[in-house]
Amino acid sequence: MTIQDTSRIGSVARDAARNDRPALSARARKIRRLPVQKDWPLWAIITTQLSILSGVIALWQVAADRGWIDGFFWSKPSAIYATLITFFTDGDAFIDIGFTFRSTIIGFLIGTAAGSMLGLSFWWSRNYAAIAQPFVICFESLPKLALAPLVILVFGMGLASKVAIATALTLVVSTLTTYAGVKAVDPDQERLFYSLGASRLQVFRKLIVPFCLPWIISVLRVNIGLALTGAIVGEFIASQHGLGRQILYAGQTYDIALVWVAVFVLSTLAVVMYVTVSWIESLLRKGVKQ
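Here it is, written out as C-alpha coordinates:
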(Lines of atoms letter the chains of each structure in order from A; the text may use other names.)
(Lines give C-alpha, C1' and ligand atoms only; values in the text may rest on other atoms or scores of the structure.)
Protein backbone atom coordinates (compact mmCIF):
# COMPACT_ATOMS: atom_id res chain seq x y z
CA MET A 182 0.00 0.00 0.00
CA THR A 183 1.45 3.40 -1.03
CA ILE A 184 1.54 6.56 1.00
CA GLN A 185 -1.11 8.09 -1.27
CA ASP A 186 -3.48 5.16 -0.58
CA THR A 187 -2.92 5.57 3.15
CA SER A 188 -3.68 9.27 3.07
CA ARG A 189 -6.77 8.60 0.96
CA ILE A 190 -8.06 6.05 3.47
CA GLY A 191 -7.40 8.46 6.33
CA SER A 192 -9.35 11.26 4.64
CA VAL A 193 -12.27 8.91 3.99
CA ALA A 194 -12.31 7.87 7.69
CA ARG A 195 -12.24 11.50 8.81
CA ASP A 196 -15.12 12.34 6.47
CA ALA A 197 -17.14 9.41 7.83
CA ALA A 198 -16.47 10.48 11.40
CA ARG A 199 -17.47 14.03 10.52
CA ASN A 200 -20.72 12.81 9.02
CA ASP A 201 -21.51 10.69 12.10
CA ARG A 202 -20.94 13.52 14.58
CA PRO A 203 -24.21 15.40 13.91
CA ALA A 204 -26.20 12.18 14.28
CA LEU A 205 -24.43 11.32 17.54
CA SER A 206 -24.84 14.82 18.97
CA ALA A 207 -28.52 14.88 17.98
CA ARG A 208 -29.04 11.50 19.62
CA ALA A 209 -27.25 12.68 22.75
CA ARG A 210 -29.41 15.79 22.93
CA LYS A 211 -32.49 13.66 22.51
CA ILE A 212 -31.45 11.34 25.33
CA ARG A 213 -30.55 14.17 27.70
CA ARG A 214 -33.84 15.98 27.25
CA LEU A 215 -36.06 15.49 30.30
CA PRO A 216 -39.83 15.21 29.95
CA VAL A 217 -41.59 18.39 30.98
CA GLN A 218 -44.75 17.83 33.00
CA LYS A 219 -46.86 20.83 33.82
CA ASP A 220 -48.59 20.64 37.20
CA TRP A 221 -52.26 21.47 37.29
CA PRO A 222 -53.40 24.32 39.54
CA LEU A 223 -55.16 23.38 42.75
CA TRP A 224 -58.59 24.49 41.49
CA ALA A 225 -58.28 22.20 38.46
CA ILE A 226 -57.40 19.20 40.63
CA ILE A 227 -60.29 19.85 43.03
CA THR A 228 -62.70 20.39 40.14
CA THR A 229 -61.66 17.10 38.56
CA GLN A 230 -62.05 15.24 41.85
CA LEU A 231 -65.52 16.69 42.43
CA SER A 232 -66.53 15.88 38.86
CA ILE A 233 -65.48 12.26 39.28
CA LEU A 234 -67.33 12.03 42.60
CA SER A 235 -70.47 13.62 41.14
CA GLY A 236 -70.37 11.26 38.17
CA VAL A 237 -70.09 8.19 40.39
CA ILE A 238 -73.00 9.36 42.58
CA ALA A 239 -75.16 10.12 39.55
CA LEU A 240 -74.40 6.76 37.96
CA TRP A 241 -75.13 5.03 41.28
CA GLN A 242 -78.54 6.76 41.54
CA VAL A 243 -79.48 5.92 37.96
CA ALA A 244 -78.37 2.29 38.34
CA ALA A 245 -80.44 1.88 41.52
CA ASP A 246 -83.54 3.55 40.03
CA ARG A 247 -83.45 1.46 36.84
CA GLY A 248 -82.74 -1.81 38.60
CA TRP A 249 -79.23 -2.31 37.27
CA ILE A 250 -78.11 -2.95 40.86
CA ASP A 251 -80.07 -4.21 43.85
CA GLY A 252 -81.24 -1.13 45.76
CA PHE A 253 -81.67 -3.13 48.97
CA PHE A 254 -78.07 -4.27 49.21
CA TRP A 255 -76.46 -1.19 47.65
CA SER A 256 -79.00 1.47 48.66
CA LYS A 257 -78.95 4.71 46.64
CA PRO A 258 -77.70 8.29 47.15
CA SER A 259 -81.16 9.78 47.68
CA ALA A 260 -81.94 7.33 50.51
CA ILE A 261 -78.47 7.86 51.99
CA TYR A 262 -78.98 11.62 51.98
CA ALA A 263 -82.34 11.29 53.77
CA THR A 264 -80.75 8.98 56.36
CA LEU A 265 -77.87 11.44 56.79
CA ILE A 266 -80.31 14.26 57.66
CA THR A 267 -82.09 12.00 60.13
CA PHE A 268 -78.81 10.85 61.62
CA PHE A 269 -77.75 14.41 62.47
CA THR A 270 -81.17 15.74 63.50
CA ASP A 271 -82.72 12.85 65.43
CA GLY A 272 -79.81 10.51 66.15
CA ASP A 273 -76.72 10.54 68.35
CA ALA A 274 -74.41 11.67 65.57
CA PHE A 275 -72.38 14.18 67.56
CA ILE A 276 -72.08 11.84 70.54
CA ASP A 277 -70.77 9.03 68.32
CA ILE A 278 -68.40 11.33 66.42
CA GLY A 279 -67.07 12.81 69.66
CA PHE A 280 -66.54 9.36 71.18
CA THR A 281 -64.57 8.09 68.19
CA PHE A 282 -62.62 11.34 67.95
CA ARG A 283 -61.62 11.31 71.64
CA SER A 284 -60.48 7.70 71.64
CA THR A 285 -58.49 8.22 68.44
CA ILE A 286 -56.73 11.40 69.59
CA ILE A 287 -55.93 10.10 73.08
CA GLY A 288 -54.58 6.82 71.71
CA PHE A 289 -52.59 8.70 69.07
CA LEU A 290 -50.99 11.04 71.62
CA ILE A 291 -50.20 8.31 74.15
CA GLY A 292 -48.86 5.86 71.57
CA THR A 293 -46.73 8.41 69.75
CA ALA A 294 -45.29 9.96 72.92
CA ALA A 295 -44.63 6.65 74.70
CA GLY A 296 -43.18 5.02 71.60
CA SER A 297 -40.89 7.96 70.89
CA MET A 298 -39.60 8.02 74.47
CA LEU A 299 -39.05 4.25 74.40
CA GLY A 300 -37.11 4.50 71.13
CA LEU A 301 -34.99 7.36 72.48
CA SER A 302 -34.26 5.42 75.67
CA PHE A 303 -32.50 2.72 73.63
CA TRP A 304 -29.62 5.17 73.09
CA TRP A 305 -28.61 5.08 76.73
CA SER A 306 -27.52 1.44 76.73
CA ARG A 307 -26.78 -0.98 73.91
CA ASN A 308 -27.39 -3.90 76.24
CA TYR A 309 -30.77 -2.50 77.21
CA ALA A 310 -31.64 -2.01 73.53
CA ALA A 311 -30.50 -5.54 72.64
CA ILE A 312 -32.64 -7.00 75.44
CA ALA A 313 -35.76 -4.93 74.76
CA GLN A 314 -35.79 -4.94 70.96
CA PRO A 315 -36.90 -8.61 70.53
CA PHE A 316 -39.83 -8.00 72.86
CA VAL A 317 -40.84 -4.90 70.89
CA ILE A 318 -40.68 -6.81 67.60
CA CYS A 319 -42.63 -9.70 69.13
CA PHE A 320 -45.32 -7.28 70.30
CA GLU A 321 -45.43 -5.81 66.80
CA SER A 322 -46.01 -9.25 65.28
CA LEU A 323 -48.87 -10.06 67.65
CA PRO A 324 -52.33 -9.81 66.06
CA LYS A 325 -53.46 -6.90 68.21
CA LEU A 326 -56.82 -6.71 66.47
CA ALA A 327 -57.42 -10.37 67.35
CA LEU A 328 -56.60 -9.53 70.98
CA ALA A 329 -59.21 -6.77 70.99
CA PRO A 330 -61.84 -8.91 72.78
CA LEU A 331 -59.36 -9.53 75.61
CA VAL A 332 -58.65 -5.80 75.82
CA ILE A 333 -62.39 -5.14 76.06
CA LEU A 334 -62.69 -7.63 78.91
CA VAL A 335 -59.79 -6.04 80.81
CA PHE A 336 -60.60 -2.35 80.26
CA GLY A 337 -64.38 -2.54 79.87
CA MET A 338 -66.74 -1.23 77.19
CA GLY A 339 -65.97 2.45 77.76
CA LEU A 340 -63.40 4.82 76.35
CA ALA A 341 -60.39 3.16 78.01
CA SER A 342 -60.52 -0.01 75.92
CA LYS A 343 -60.64 1.92 72.62
CA VAL A 344 -57.73 4.09 73.75
CA ALA A 345 -55.77 0.97 74.71
CA ILE A 346 -56.21 -0.61 71.26
CA ALA A 347 -55.34 2.66 69.49
CA THR A 348 -52.26 3.02 71.69
CA ALA A 349 -51.14 -0.54 70.99
CA LEU A 350 -51.30 0.04 67.22
CA THR A 351 -49.26 3.25 67.34
CA LEU A 352 -46.75 2.45 70.10
CA VAL A 353 -44.51 0.02 68.25
CA VAL A 354 -44.42 2.05 65.02
CA SER A 355 -43.18 5.10 66.91
CA THR A 356 -40.67 3.02 68.88
CA LEU A 357 -39.06 1.37 65.86
CA THR A 358 -39.02 4.59 63.82
CA THR A 359 -37.39 6.57 66.62
CA TYR A 360 -34.87 3.83 67.28
CA ALA A 361 -33.95 3.87 63.58
CA GLY A 362 -33.21 7.57 64.01
CA VAL A 363 -31.09 6.85 67.08
CA LYS A 364 -29.01 4.31 65.15
CA ALA A 365 -28.54 6.81 62.30
CA VAL A 366 -26.75 9.34 64.53
CA ASP A 367 -23.16 9.94 63.38
CA PRO A 368 -20.74 8.51 65.98
CA ASP A 369 -18.19 11.19 65.06
CA GLN A 370 -20.62 13.87 66.22
CA GLU A 371 -21.03 12.08 69.54
CA ARG A 372 -17.26 11.89 69.97
CA LEU A 373 -17.01 15.58 69.13
CA PHE A 374 -19.51 16.46 71.87
CA TYR A 375 -17.65 14.32 74.41
CA SER A 376 -14.32 15.83 73.39
CA LEU A 377 -15.75 19.27 74.15
CA GLY A 378 -16.63 18.14 77.68
CA ALA A 379 -20.36 17.43 77.26
CA SER A 380 -22.04 14.99 79.63
CA ARG A 381 -24.25 12.10 78.43
CA LEU A 382 -27.36 14.07 79.33
CA GLN A 383 -26.14 17.06 77.33
CA VAL A 384 -25.35 14.84 74.34
CA PHE A 385 -28.82 13.35 74.60
CA ARG A 386 -30.52 16.74 74.81
CA LYS A 387 -28.37 18.65 72.32
CA LEU A 388 -27.67 15.95 69.72
CA ILE A 389 -29.80 12.81 69.96
CA VAL A 390 -33.22 14.38 70.50
CA PRO A 391 -32.86 17.11 67.83
CA PHE A 392 -31.48 14.58 65.35
CA CYS A 393 -34.39 12.16 65.94
CA LEU A 394 -37.13 14.80 65.76
CA PRO A 395 -37.58 14.48 61.96
CA TRP A 396 -37.94 10.72 62.38
CA ILE A 397 -40.57 11.20 65.09
CA ILE A 398 -42.45 13.78 63.02
CA SER A 399 -42.44 11.55 59.93
CA VAL A 400 -44.54 8.90 61.67
CA LEU A 401 -47.37 11.20 62.78
CA ARG A 402 -49.51 10.78 59.66
CA VAL A 403 -49.16 7.01 59.83
CA ASN A 404 -50.06 6.91 63.51
CA ILE A 405 -53.26 8.93 63.15
CA GLY A 406 -54.62 6.37 60.71
CA LEU A 407 -53.58 3.47 62.92
CA ALA A 408 -55.15 5.11 65.98
CA LEU A 409 -58.45 5.56 64.13
CA THR A 410 -58.35 1.92 63.03
CA GLY A 411 -57.81 0.78 66.61
CA ALA A 412 -60.67 2.91 67.91
CA ILE A 413 -63.08 1.59 65.27
CA VAL A 414 -62.09 -2.02 65.91
CA GLY A 415 -62.69 -1.56 69.62
CA GLU A 416 -66.13 -0.12 68.87
CA PHE A 417 -66.88 -3.10 66.63
CA ILE A 418 -66.16 -5.54 69.45
CA ALA A 419 -68.19 -3.84 72.19
CA SER A 420 -69.17 -0.25 72.75
CA GLN A 421 -72.07 1.95 73.74
CA HIS A 422 -71.11 4.82 71.44
CA GLY A 423 -68.97 5.52 68.39
CA LEU A 424 -69.14 5.36 64.62
CA GLY A 425 -67.91 1.78 64.65
CA ARG A 426 -70.84 0.75 66.83
CA GLN A 427 -73.16 2.62 64.46
CA ILE A 428 -71.80 0.71 61.45
CA LEU A 429 -72.12 -2.61 63.29
CA TYR A 430 -75.69 -1.85 64.35
CA ALA A 431 -76.71 -0.79 60.86
CA GLY A 432 -75.21 -3.93 59.35
CA GLN A 433 -77.02 -6.19 61.81
CA THR A 434 -80.37 -4.51 61.03
CA TYR A 435 -79.73 -4.42 57.25
CA ASP A 436 -80.00 -0.63 57.22
CA ILE A 437 -77.58 -0.20 54.32
CA ALA A 438 -78.24 3.53 54.02
CA LEU A 439 -77.15 4.02 57.63
CA VAL A 440 -74.02 1.97 56.94
CA TRP A 441 -73.09 4.34 54.11
CA VAL A 442 -73.85 7.36 56.29
CA ALA A 443 -71.58 6.12 59.07
CA VAL A 444 -68.84 5.27 56.57
CA PHE A 445 -69.15 8.73 54.99
CA VAL A 446 -68.95 10.48 58.37
CA LEU A 447 -66.02 8.27 59.39
CA SER A 448 -64.18 9.03 56.13
CA THR A 449 -64.75 12.75 56.62
CA LEU A 450 -63.42 12.54 60.18
CA ALA A 451 -60.36 10.62 58.95
CA VAL A 452 -59.63 13.21 56.26
CA VAL A 453 -59.99 16.11 58.71
CA MET A 454 -57.64 14.49 61.23
CA TYR A 455 -55.13 13.56 58.52
CA VAL A 456 -55.07 17.08 57.08
CA THR A 457 -54.71 18.57 60.57
CA VAL A 458 -51.83 16.26 61.47
CA SER A 459 -50.17 16.99 58.10
CA TRP A 460 -50.41 20.71 58.81
CA ILE A 461 -48.93 20.24 62.29
CA GLU A 462 -46.19 18.10 60.78
CA SER A 463 -45.28 20.82 58.29
CA LEU A 464 -45.08 23.38 61.10
CA LEU A 465 -42.86 21.09 63.17
CA ARG A 466 -40.58 20.45 60.19
CA LYS A 467 -40.15 24.20 59.68
CA GLY A 468 -39.33 24.60 63.36
CA VAL A 469 -36.76 21.79 63.22
CA LYS A 470 -35.08 23.31 60.15
CA GLN A 471 -34.85 26.68 61.86
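Counting with this note's numbering, you get residues 182 to 471 for the letters of the sequence shown. A virtual CB, placed ideally from N, CA and C, is assigned to each residue, including glycine. No experiment lies behind these values; they were computed from the predicted model shown.
Beta-carbon to beta-carbon, Val384 and Phe392 are separated by about 11 Å, too far to satisfy the 8 Å threshold. In the three-state reduction of the DSSP assignment, Met298 falls in the helix class. Look at Ile312 here: in three-state DSSP terms it is helix.
The alpha-carbon of Val243 is positioned some 24 Å away from that of Ser448. The beta carbon of Phe282 sits closer than 7 Å to those of Leu450, all from its chain and outside the five residues before and after it, given in chain order.
If you ignore the 5 residues before and after Ala245, its C-beta comes within less than 6 Å of the C-beta of Gly252, Lys257, all in its own chain and listed in chain order. In this structure Arg402 does not touch Ser355 by the C-beta definition: roughly 12 Å separates them, more than the 8 Å allowed. Two segments are said to touch when three or more pairs of C-beta atoms, one from each, lie closer than 8 Å; by this definition the stretch 336-346 does not touch the stretch 427-439. Taken through DSSP and simplified to helix, strand or coil, Val366 comes out as coil. By the C-beta criterion, the stretch 265-275 is judged not to be in contact with the stretch 408-418, since fewer than 3 inter-stretch pairs fall below 8 Å.
Between the stretch 358-370 and the stretch 327-344 there are fewer than three inter-stretch CB-CB distances shorter than 8 Å, so the stretches are not counted as touching. With contacts defined by Cβ atoms closer than 8 Å, Leu424 and Val446 form a contacting pair. Taking Ala419 as reference, the option from Val442, Ala443, Leu334 with the minimal CA-CA separation is Leu334.
Counting the other Cβ atoms within 10 Å of the Cβ of Asn308 gives fewer than 16, which makes it exposed. Here Met454 has Ile405 as same chain residues with Cβ atoms under 6 Å from its own Cβ, once five neighbours each way along the sequence are excluded.
Relative to the Cα of Glu462, the nearest Cα in the group Trp396, Ile250, Leu323, Leu388 belongs to Trp396.
In this structure, Thr359 is the residue among Trp255, Ser259, Thr359 with its C-alpha nearest to the C-alpha of Ser297. Ranking Arg466, Trp441, Pro315 by CA distance to the CA of Ile238 puts Trp441 first.
In this structure Ala260 touches Ala438 by the C-beta definition: roughly 5 Å separates them, less than 8 Å. It is roughly 59 Å from the alpha-carbon of Gln370 to the alpha-carbon of Gly272.
Taking each of Val456, Leu326, Tyr435 in turn and checking the Cα distance to Phe254, the smallest one comes out for Tyr435. Taking C-alpha positions only, Ala361 is separated from Gly300 by approximately 8 Å.
Under the DSSP assignment, Thr267 falls in the alpha helix (DSSP H) whose first and last residues are 258-270. Shown here for Trp304: same chain residues with a beta carbon closer than 6 Å to its own, the five before and five after excluded, namely Val363, Ile389 in chain order. Here the alpha carbons of Ser302 and Leu234 stand approximately 47 Å from one another.
By the CB criterion at 8 Å, Thr410 and Leu350 fall inside the cutoff.
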